[in-house]
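Heads up: the structure comes next, in structure tokens.
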Amino acid sequence: LPPCRSVCERAKQGCSPLMSQYGFEWPERMSCEQLPQLGDEVLCMDQNNSETTTLAPPFPKSTPKTRTRPPSPSQCDRECRCRDPLVPIKRESYVLYGRVQTGPLPNCAQPCHMPYFSADERAFTSFWVGLWSVLCFTSTLTT
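The C-terminal residue of the sequence shown carries number 193 in the numbering used here, and the numbering is unbroken.
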């Protein structure tokens with residue numbers, strides 16, 4: 051879809067003075083006379099002068115975000131306690147005592163050493179990695 055002649059003429063009107071300032075002529079291949087005029091038989095692209103706009107697609111209304119705060123320690127019932135995989139920090143001499151809080155629970159934290167796997171899973175993983183290490187070492191040694 052070519053541009054309409056009016057588009058070319060507006061571009062030429064804006065660019066031609068700057069081009070001539072630097073010693074350039076308007077290129078012949080960009081001659082505006084070669085382009086169709088708006089409303090001719092040949093379809094062309096011109097500036098959009100219409101006042102109508104396309105409506106945005108309807109989006110569902112968002113629900114208002116309400117922030118619910120966890121219960122304070124005074125509101126905790128008997129179920130509100132430090133549970134596995136979290137561990138209670140019991141010793142006052144421990145560096146994190148009084149500094150860590152999980153939800154409303156003070157002195158309840160995630161353990162530092164492998165909290166996601168059981169002792170059996172850690173033993174199997176060590177065996178599996180060790181076995182493949184030996185096999186790879188043997189393979190590399192013989193080739």
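C-beta atoms are modelled at their ideal positions from N, C-alpha and C, and glycine is treated no differently.
Mind checking which residues open and close the alpha helix (DSSP H) that includes residue i?
| i | result |
| --- | --- |
| C58 | 55-71 |
| T195 | Shown here, the chain extends from 51 to 193; a query on residue 195 therefore has no answer. |
Got a sec? Which residues, its chain only, sit under 7 Å from residue i by beta carbon, not counting five neighbours each side?
| i | result |
| --- | --- |
| Y147 | I139, R141, N157 |
| S176 | none |
Which partner residues does residue i have in the DSSP bridge list?
| i | result |
| --- | --- |
| Q151 | P156 |
| M95 | P53 |
What is the DSSP secondary structure of residue i, counted as helix, strand or coil?
| i | result |
| --- | --- |
| V137 | strand |
| E75 | coil |
| C132 | coil |
| E142 | coil |
Using a Cβ-Cβ cutoff of less than 8 Å, which residues in the same chain neighbour residue i once the five nearest sequence positions on both sides are dropped?
| i | result |
| --- | --- |
| Q151 | N157, C158 |
| S66 | W76 |
| P53 | L85, C94, M95, D96 |
| V92 | P52, P86 |
Can you list, in chain order, the residues of its chain whose CB lies under 6 Å from that of residue i, leaving out five sequence neighbours each side?
| i | result |
| --- | --- |
| P161 | V137 |
At a cut-off of 6 Å, is residue i close to the ligand GTP when judged by its beta-carbon and the heavy atoms of the ligand?
| i | result |
| --- | --- |
| Y144 | This structure lacks the ligand GTP, and indeed carries no ligand of any kind. |
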